[in-house]
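Numbering (the working numbering), first residue to last: 177 to 414.
For every residue, glycine included, the Cβ atom is placed at its ideal position computed from N, Cα and C.
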């Protein structure tokens, strides 16, 4: 017991001596310690801000504004646009019997553009097509892809097509982009809002790239709806 007590006393003396020396160096080390603390806080704040931005952006991309619907509407529920219904019935026949048309060398339709004033039944007609064929409708509004930060809208479009391709593994998919003029307006509009214009251009370029990469085997029909056909980029409506 005496040996242990002596050892502890010796250790206490050593620690006291080290503490005294560090106390003497305090004025010298203080500026450096303060600088290290500031750098640590700055790096920590930057990492935290980056993490929060990533979470916010990923949360806005994943599924927000993109809905998979299984409509119950039928063509008989659509009134006043008989010519459009007749044309959509032809599309429905191809979607319901794709093999018969493919044997004749007729490819599945890749896209349909619905044009007309607000309230004329464009969305209802798309739902009726999905309801008649029993094909899921992947719905998104064009305003979903309008973002403040450049590149976020394009990321949402890629997420939309990724979801459509995943669904198409089980069968045909109808993808509707309502108010497509929100994302498909002609590029290079000017107006002084260069950041906004870059975001619109990025989103439209992403939409065109995803559309061009679709294969007949994907079995994805894209329906665009707009009341401003004159605003759409020519590459989108060609």
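Please go through the same chain and pick out, in chain order, the residues whose beta-carbon is closer than 6 Å to the beta-carbon of residue i, but skip the five residues on each side of it.
i: residue 356; result: 318, 400 and 402
i: residue 340; result: 314, 349, 351 and 396
i: residue 277; result: 270
i: residue 254; result: 261, 297, 300, 301 and 304
What separation, rounded to the nearest whole angstrom, lies between the Cα atoms of residue i and residue j?
i: residue 380; j: residue 337; result: 13 Å
i: residue 286; j: residue 331; result: 22 Å
i: residue 266; j: residue 391; result: 21 Å
i: residue 414; j: residue 398; result: 14 Å
i: residue 272; j: residue 347; result: 11 Å
i: residue 387; j: residue 311; result: 19 Å
i: residue 294; j: residue 279; result: 39 Å
i: residue 284; j: residue 242; result: 24 Å
i: residue 345; j: residue 274; result: 15 Å
i: residue 228; j: residue 322; result: Annotation note: pLDDT 49 at residue 228 (below 50); position unreliable, no value reported.
Once you ignore the five residues that flank residue i on each side, which residues in its own chain have a CB closer than 7 Å to its CB?
i: residue 305; result: 264, 267, 268 and 350
i: residue 417; result: Not covered by the structure: residue 417. The range shown for the chain is 177 to 414.
Using C-beta distances below 8 Å, list every residue in its chain close to residue i, excluding the 5 sequence neighbours before and after it, in chain order.
i: residue 362; result: 407, 408, 409 and 410
i: residue 256; result: 296 and 297
Looking at residue j and residue i, is the spacing between their C-beta atoms short of 9 Å?
i: residue 301; j: residue 244; result: no
i: residue 384; j: residue 412; result: yes
i: residue 247; j: residue 292; result: no
i: residue 316; j: residue 258; result: no
**OP:** Go through the segment 278-343 residue by residue and report every complete run of the beta strand (DSSP E) that reaches 3 residues or more, in order.
**Re:** Listed in chain order, they are 287-291 and 313-317.
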